[in-house]
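Structure first, commentary second.
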Amino acid sequence: MTEQTPATVYRLNDYRKRKKPTCFSRQELYLLLSVYSRRVISGEWKAYAIDLDPTKAQFSIFTNAHAQPLFQVVKLASASKRNRRYAILKGATKVTQADTLAQALAYFSRPLKVVSS
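Residue numbering for the sequence shown follows the numbering used here, starting at 14 and increasing by one per position.
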């Protein structure tokens, strides 16, 4: 007769209590992608990535797919859904912070520059 291994008990409540990730809304993605597409057309930006976790949502902008992100647009989670904070990071430096995404994205409203390929 063979020995049986003891059964592992998993508590479903441990899995149900996980916090949902902070996400960008449809309107926020529209704003982000409109700024992003203008910079792609000008040749400045090449790729993006979206990361979600319970404390923040992050839209990273790259000059190529293998580099470190040039900019990161971060939506910080808060206790109240109305009180969100947005920040734009360049590397480890916080470039700007605002209460709305539109205010934060105003950082990118500077005139476009011509980039040769």
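Glycine is no exception: its CB is placed at the ideal position from the N, C-alpha and C atoms.
Residue closest to residue i, alpha-carbon to alpha-carbon, out of the options
i    : options            : result
L46  : F72, T106 and D112 : F72
G104 : A80, A119 and A115 : A80
G56  : R39, L44 and T76   : T76
Buried versus exposed, by CB contacts within 10 Å (16 or more), residue i
i    : result
Q85  : buried
A20  : exposed
T18  : exposed
K88  : buried
Y49  : buried
L25  : exposed
E41  : buried
T68  : exposed
I54  : exposed
T113 : exposed
I63  : exposed
Residue i vs residue j beta-carbon contact at 7 Å
i    : j    : result
A117 : T106 : no
A90  : Y99  : no
I74  : L65  : no
A70  : F37  : yes
R52  : W58  : yes
Boundaries (first-last residue) of the alpha helix (DSSP H) holding residue i
i    : result
V48  : R39 to S55
Q116 : L114 to L118
The beta strand (DSSP E) enclosing residue i, as first and last residue numbers
i    : result
A80  : Looking at the DSSP string, A80 is not in any beta strand (DSSP E), and its letter there is neither H nor E.
T106 : T106 to A111
Per DSSP, the bridge partner or partners of residue i
i   : result
S73 : A62 and Q85
Y99 : K88 and A111
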